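J.: Quick one: the structure is below, questions incoming.
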Amino acid sequence: MTYCEKNDLTLYLRARYGECDAQNVVFNARYADYADIAATEYLRALIGDYSNLQAANYENQVVSLNIDWKRSAVFDDVLALKVHTSHVGNTSFQFTVDCTKKDNGQWLQVAQMRITYVMVTTPNYEKCQIPALLKEAFAKPFSRVVDQAG
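Quick note on our numbering: the sequence shown kicks off at 114 and runs consecutively.
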């Protein structure tokens, strides 16, 4: 299945105190939260409200989440989470989330997360083909910035 390689969303978040460990470093499990928040905003940019998918009797479920770390983020860092579609199959798709932070005027990679979703029908939650609503959205170019860093 084809998808547009020119669709992306950049979400800016600030690392909050409660997301950090005793050394003021963002706790590793928070990156899964960051990936989910960024993917949700990206999906919103693709199809509008998630309820549009649910109204058509579809949902997506995470079947894989991989995180590779390059450096630490610390309390009060502004993080840029850039999301794009990296794979579309028949029943599943993958988003890649590149997490960077600004340090001495340049953006440095903190982590990369890859989230694989499988499509299911509701209410029985059986695996199914990716619906036209998503196929069409994956094929359209767009670029969006969402700033939640304050």
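Idealized CB from N, CA, C, for every residue including glycine.
Keep in mind it's a predicted model, so treat the numbers as computed, not measured.
Could you tell me which residues DSSP pairs with residue 181 in its beta bridges?
T.: On the sequence shown, position 68 is the one that residue 181 refers to. Partner(s): 225.
J.: Specify the secondary structure class of residue 147 as computed by DSSP and reduced to three states.
T.: In the sequence shown, the residue the question calls residue 147 occupies position 34. In the structure shown, residue 147 sits in a helix (DSSP, three-state: H, G or I).
J.: According to DSSP, residue 120 sits in a beta bridge with which residue or residues?
T.: Walking along the sequence shown from the start, residue 120 turns up at place 7. The partner list for residue 120 (beta bridge, DSSP) reads 255.
J.: How big is the Cα-Cα spacing for residue 225 and residue 210?
T.: Walking along the sequence shown from the start, residue 225 turns up at place 112. Walking along the sequence shown from the start, residue 210 turns up at place 97. Cα-Cα distance, rounded: 6 Å.
J.: Who pairs with residue 271 in a beta bridge, going by DSSP?
T.: Residue 271 is absent from the model: the chain starts at 114 and stops at 263.
J.: If you check the beta carbons only, do residue 175 and residue 230 fall under 7 Å apart?
T.: Along the sequence shown, one-based indexing puts residue 175 at 62. Along the sequence shown, one-based indexing puts residue 230 at 117. In this structure, residue 230 lies closer than 7 Å to residue 175 by Cβ.
J.: Three or more C-beta pairs under 8 Å: does that hold for the region 146-165 against the region 123-136?
T.: Yes, since at least three Cβ pairs between the region 146-165 and the region 123-136 fall closer than 8 Å, the two stretches touch.
J.: Looking at the strands, I want to know which residues DSSP matches up with residue 173.
T.: Indexing the sequence shown from 1 puts residue 173 at position 60. Answer is 232, bridged to residue 173.
J.: Measuring only the C-alpha atoms, how far is residue 243 from residue 233?
T.: For the purposes of this step, residue 243 is taken as the residue at position 130 of the sequence shown. For the purposes of this step, residue 233 is taken as the residue at position 120 of the sequence shown. Near 8 Å, if we compare the C-alpha coordinates of residue 233 and residue 243.
J.: Helix or strand or just coil, what does DSSP make of residue 127?
T.: Indexing the sequence shown from 1 puts residue 127 at position 14. If DSSP states are grouped into helix, strand and coil, residue 127 belongs with the strands.
J.: Let me know the secondary structure DSSP gives residue 152 once reduced to three states.
T.: The count along the sequence shown starts at 1 and reaches residue 152 at position 39. If DSSP states are grouped into helix, strand and coil, residue 152 belongs with the helices.
J.: Going straight from the alpha carbon of residue 194 to that of residue 165, what length do you get?
T.: Start at 1 with the first residue of the sequence shown, and residue 194 comes out as number 81. Start at 1 with the first residue of the sequence shown, and residue 165 comes out as number 52. Rounded to the nearest angstrom, the two C-alpha atoms are 24 Å apart.
J.: Nearest by alpha-carbon distance to residue 227: which of 163, 158, 200 is it?
T.: Within the sequence shown, the letter at position 114 stands for residue 227. Looking at the Cα atoms, 200 is the closest of the given residues.
J.: Tell whether a beta-carbon distance below 7 Å holds between residue 250 and residue 160.
T.: What you label residue 250 is simply residue 137 of the sequence shown in a count that begins at 1. What you label residue 160 is simply residue 47 of the sequence shown in a count that begins at 1. Yes. Within cutoff.
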